[in-house]
């Protein structure tokens, strides 16, 4: 599998949306490429940041 930093398979991999065969191919590509490894790390950091920010949001109740 030939991937680059813009490949949607990287996001799908992180979200657990790939079948086991595809996930294994993406894992192999990530292990073989420092560029892909850095991109996956950045995507993970972004996802973690987003989850923290959304968890910290306060919900304002609607007025009746």
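In the numbering used here, the protein residues as written are 283 to 346. Glycine included, every Cβ here is placed at the ideal spot set by N, Cα and C.
- With respect to the 8 Å criterion, residue 285 and residue 311 are classified as neighbours on the basis of their beta carbons.
- Annotation: the continuous alpha helix (DSSP H) that includes residue 336 extends over 316-338.
- Of all C-beta pairs linking the stretch 314-327 to the stretch 298-305, fewer than three are shorter than 8 Å, placing the two stretches out of contact.
- By the C-beta density criterion, residue 308 is buried, having at least 16 other C-beta atoms within 10 angstroms.
- Per DSSP, reduced to three states, the secondary structure at residue 308 is helical.
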